[in-house]
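Trainee: In case it helps, full-length UniProt numbering puts the sequence shown at residues 1 to 129. Here a beta-carbon is modelled for each residue, glycine too, at the ideal position from N, C-alpha and C. There's a structure below that I have some questions on.
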Amino acid sequence: MTQSNPAIEDKSCLLEFLPKPEAPFTFEDLQHCLSSLHLIAQNLRSHRIENGAVSLEKLELNFNFPKPLSVMEKCTNECSTTRWPQGFSVKVRNPAHHLIEEWMIVANQSVARFLFGNFIKRLKRCETF
Numbered sequence: 001m002t003q004s005n006p007a008i009e010d011k012s013c014l015l016e017f018l019p020k021p022e023a024p025f026t027f028e029d030l031q032h033c034l035s036s037l038h039l040i041a042q043n044l045r046s047h048r049i050e051n052g053a054v055s056l057e058k059l060e061l062n063f064n065f066p067k068p069l070s071v072m073e074k075c076t077n078e079c080s081t082t083r084w085p086q087g088f089s090v091k092v093r094n095p096a097h098h099l100i101e102e103w104m105i106v107a108n109q110s111v112a113r114f115l116f117g118n119f120i121k122r123l124k125r126c127e128t129f
């Protein structure tokens, strides 16, 4: 029951909502940079998987609930006030999700390396706080 948003499918519609890049940059420059970042992220991901990283990809369900009842409707409604889902959809994961996730992993790894390399060396065994 997934529904696609036609405004997102038609990329030209998105350009009117995006801020214009400042000179000397163009949308083509941004597209080139994002394509490069995506290619690097794909390589990093495949390298991580080859070295034993676990891939925890899972489906994410979104449930559609009815609108909340007003106070008057609650008082006059003899039916159960339990709000059961009216439907569901599966969250669609696109390449942008993978790109962001991979660079978040890189950021976390960089912080871990920094802390391990710098912070631990500065701790003393009998340091009192």
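Three-state secondary structure (DSSP) at Phe-116?
Mentor: As a position in the sequence shown, residue 116 is number 116, starting the count at 1. Helix, per DSSP.
Trainee: Taking the CB atoms as reference points, tell me whether Pro-66 and Gln-86 lie closer together than 9 angstroms.
Mentor: Taking the sequence shown and counting its residues from 1, one reaches residue 66 at position 66. Taking the sequence shown and counting its residues from 1, one reaches residue 86 at position 86. Yes, Cβ-Cβ distance for Pro-66 and Gln-86 is below 9 angstroms.
Trainee: To the nearest whole angstrom, what separates the beta carbons of Asn-62 and Ser-89, a pair I think is in contact under 8 angstroms?
Mentor: For the purposes of this step, residue 62 is taken as residue 62 along the sequence shown, with counting starting at 1. For the purposes of this step, residue 89 is taken as residue 89 along the sequence shown, with counting starting at 1. The Cβ separation is near 5 angstroms, so the contact holds.
Trainee: In angstroms, rounded to a whole number, what distance separates the CA positions of Val-54 and Ala-23?
Mentor: Taking the sequence shown and counting its residues from 1, the one referred to as residue 54 is at position 54. Taking the sequence shown and counting its residues from 1, the one referred to as residue 23 is at position 23. Going by the C-alpha atoms only, they are around 42 angstroms apart.
Trainee: Going by DSSP in three states, Asn-51 sits in which element: helix, strand or coil?
Mentor: Here residue 51 refers to the residue found at position 51 when the sequence shown is read from its first residue. Asn-51: coil per DSSP, three-state reduction.
Trainee: Hey, how far is the Cα of Val-111 from the Cα of Glu-102?
Mentor: Position 111 of the sequence shown, counted from the first residue, corresponds to residue 111. Position 102 of the sequence shown, counted from the first residue, corresponds to residue 102. Val-111 and Glu-102: Cα-Cα distance of roughly 15 angstroms.
Trainee: Taking a contact to mean a Cβ-Cβ separation below 9 angstroms, would you say Lys-91 touches Leu-115 in this structure?
Mentor: The residue labelled residue 91 in the question sits at position 91 within the sequence shown. The residue labelled residue 115 in the question sits at position 115 within the sequence shown. It is not a contact, given that the beta carbons lie outside the stated cut-off.
Trainee: Using three-state DSSP, classify Phe-63 as helix, strand or coil.
Mentor: As a first step, residue 63 is located in the sequence shown; it is residue number 63 there, counting from the start. DSSP places Phe-63 in strand when its eight states are reduced to three.
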